[in-house]
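K.L.:
Mapping to my numbering: the sequence shown position 33 is 46, numbers consecutive. All C-beta atoms, glycine included, are put in the ideal place defined by N, C-alpha and C. Predicted, not measured: the structure shown is a model, and the values here were computed from it.
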Amino acid sequence: IRYWLIHVLTIPALFITGFVVVYTGIVYEVFGTPRPTDYFTEYRGQVPIVNDRYSAKLELEDLTAGI
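(1) What is the rounded straight-line gap between the Cα of residue 37 and the Cα of residue 23?
(2) Cα separation between residue 20 and residue 30?
(3) Can you look up residue 52 in the DSSP assignment and give me helix, strand or coil?
(4) Whose CA, out of 73, 25 and 47, lies closest to the CA of residue 63?
(5) So residue 14 is in the alpha helix (DSSP H); what residue range does that whole segment cover?
(6) Grab the span of the alpha helix (DSSP H) containing residue 62 for me, first residue to last.
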């Protein structure tokens, strides 16, 4: 009985907390990850992938030039 008394509160609380954290977007601010709208802007529709590791800096500058 103690198991269910504890978990009847904690399990729904975890789901509710997870939903609120994801819904408000606070995850992006806490972890510093870009929002989905920042990956694909109006001007850049392709995936920003670096192809050559030796010229990565130049490729990154080209990819981020329009931002």
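P.N.:
Taking the coordinates as given:
(1) Here residue 37 corresponds to residue number 24 of the sequence shown, with the count starting at 1. Here residue 23 corresponds to residue number 10 of the sequence shown, with the count starting at 1. For residue 37 and residue 23, the distance between alpha carbons rounds to 21 angstroms.
(2) The residue given as residue 20 occupies position 7 in the sequence shown. The residue given as residue 30 occupies position 17 in the sequence shown. Distance between the alpha carbons of residue 20 and residue 30: 15 angstroms.
(3) Along the sequence shown, read from residue 1 onward, the residue named residue 52 stands at position 39. Helix.
(4) Within the sequence shown, the letter at position 50 stands for residue 63. Looking at the Cα atoms, 73 is the closest of the given residues.
(5) Locating residue 14 in the sequence shown gives position 1, where the first residue counts as 1. Element bounds for residue 14: n/a, residue is neither H nor E.
(6) Mapped onto the sequence shown, residue 62 falls at position 49. Premise fails: residue 62 is in no alpha helix (DSSP H) and is neither H nor E.
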